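Please read the structure below before turning to the comments.
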Amino acid sequence: MVNQSAQLEYLIARMVSSGPRVRHKYAFWFPLPYSVLKVMYGDILKRLDRGECPVCGKTFRSRHVVSAHLFKYHKEFVASVIESTIEKYLLIMLNLRHVGNSIVLKVNDKEIKFKTRRQLAEYIQRNPEVLEMLGNGGS
Ligand SMILES: [Zn+2]
Numbered sequence: 033m034v035n036q037s038a039q040l041e042y043l044i045a046r047m048v049s050s051g052p053r054v055r056h057k058y059a060f061w062f063p064l065p066y067s068v069l070k071v072m073y074g075d076i077l078k079r080l081d082r083g084e085c086p087v088c089g090k091t092f093r094s095r096h097v098v099s100a101h102l103f104k105y106h107k108e109f110v111a112s113v114i115e116s117t118i119e120k121y122l123l124i125m126l127n128l129r130h131v132g133n134s135i136v137l138k139v140n141d142k143e144i145k146f147k148t149r150r151q152l153a154e155y156i157q158r159n160p161e162v163l164e165m166l167g168n169g170g171s
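Each residue of the sequence shown is one higher than the last, beginning at 33 in the working numbering.
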């Protein structure tokens, strides 16, 4: 569990620090953490992509430079983005079950079936409100 969290932390930090091109690759390989980050912090990613610091509003000449600035001067902000993304991701995992060849997400009293995690990730991007409807450990 600790290991998984450390991996997730690294992964999400990379997604925040990378530009759209690299992020696209992460999104392909890790669709679920990416969807959670995009739903929760999509506006922040957009500002970073424009070279704008989402915390102090300064603008920089490139995505690369604004990332370096963010990770150097706004460590706490970055940590909170990473932490809440992981929390939400783990909450999804708590409400996820494998049933035969499908995965089933429990949302309130409903169960939503998916064939793959990628499908689930796409669903979350289309229905971001689902993230607010997850129980804390579903039975
Ligand atoms: Zn700043």
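Backbone N, C-alpha and C define an ideal beta-carbon position, used for all residues, glycine too.
Given the structure is predicted, the values throughout are model-derived calculations rather than measurements.
*asked:* Can you tell me whether Tyr66 is buried or exposed? The criterion is at least 16 other CB atoms within 10 Å of its CB, across all chains shown.
replied: buried
*asked:* Measuring straight from C-alpha to C-alpha, what distance separates Gly170 and Leu126?
replied: A caution first: Gly170 carries a pLDDT of 46, below 50, which makes its placement in the model too unreliable to give a value.
*Return yes when at least one heavy atom of ligand 1 lies under 7 Å from the C-beta of Lys138, else no.*
Distances taken from the Cβ of Lys138 to the heavy atoms of ligand 1 include none shorter than 7 Å.
*CB of Leu69 within 8 Å of CB of Thr117, strictly*: yes
*Excluding sequence positions up to five away, which residues of its chain have a Cβ less than 7 Å from the Cβ of Leu152?*
Cβ within range, chain order: Leu64, Ile135, Leu137, Phe146.
_Through-space distance from Val131 to Phe103, alpha-carbon basis_ = 41 Å
_Considering only DSSP beta bridges, list what His130 is partnered with._
Ile135
*With distances taken from each beta carbon to the nearest heavy atom of ligand 1, which residues come in below 6 Å, in chain order?*
Cys85, Val87, Cys88, Lys90, His101, Tyr105, His106
*How many angstroms separate the CA atom of Leu80 from the CA atom of Pro52?*
10 Å
*Measure the alpha-carbon distance for Leu128 versus Phe92 and round it to whole angstroms.*
41 Å
*Expressed to the nearest angstrom, what Euclidean distance is found between the alpha-carbon atoms of Gln36 and Gly89?*
33 Å
*Who are the near neighbours of Ile114 in its chain, counting only those whose CB is closer than 7 Å to its CB and skipping five residues on each side?*
Glu41, Ile44, Ala45
*What is the DSSP secondary structure of Phe146, counted as helix, strand or coil?*
strand
*Looking at the structure shown, is Gly170 part of a helix, part of a strand, or coil, going by DSSP?*
For Gly170, the pLDDT reaches just 46, beneath the cut-off of 50, and the residue's location in the model is therefore unreliable, leaving the point undetermined.
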